[in-house]
């Protein structure tokens, strides 16, 4: 009987340790943490075109939708639409911030054309 209790306690400790490790390395938790701290974090499943990507930058959450198309030699992501859920948080952002985000997106999707949704699109079109 004592051996069974020890085995159950050991199994519980192993399970709790496993859950703790999973919590620490969870990408969504890292995204939330980056949003709260105002740092940069790029969350994406590059191998799954159907999943949108998320970018935390300066406390704002951007979401990008990927579209597959053909290039000269292969099927690649050729178009990306990026928007922000809460445009009110964009106060203080400059074109340079959005150029930085474009550069980061193009590192993963070099063949893509990036389209911003309003109000970012209006800012990017001014004085091109």
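Numbering (full-length UniProt numbering), first residue to last: 1 to 128. Positions of the beta carbon are idealized from the N, C-alpha and C atoms, including for glycine.
Return the residue from the list the options that minimises the CA-CA distance to residue i.
i          : options        : result
residue 95 : 30, 126 and 26 : 126
Ignore the nearest five residues each way along the sequence and tell me which others in residue i's own chain have a CB closer than 6 Å to its CB.
i          : result
residue 12 : none
residue 53 : 44 and 64
Between residue i and the rest of its own chain, which residues show a CB-CB distance below 7 Å, the 5 nearest in sequence each way excluded?
i          : result
residue 35 : 56, 59 and 61
residue 31 : 41, 43, 54 and 56
Helix, strand or coil, according to DSSP, for residue i in the structure here?
i           : result
residue 109 : coil
residue 84  : strand
residue 62  : strand
residue 76  : strand
residue 57  : strand
residue 17  : helix
Straight-line CA distance for residue i to residue j?
i           : j           : result
residue 111 : residue 100 : 17 Å
residue 17  : residue 3   : 21 Å
Residues in its own chain within less than 8 Å of residue i by CB, not counting five upstream and five downstream?
i          : result
residue 28 : 43
Contact the stretch 55–69 vs the stretch 77–87: 3+ CB pairs below 8 Å: Taking one beta carbon from each stretch, the stretch 55–69 and the stretch 77–87 have 3 or more pairs nearer than 8 Å; the two touch.
Determine contact between the stretch 81–92 and the stretch 110–119, defined as no fewer than three beta-carbon pairs at a distance below 8 Å. yes
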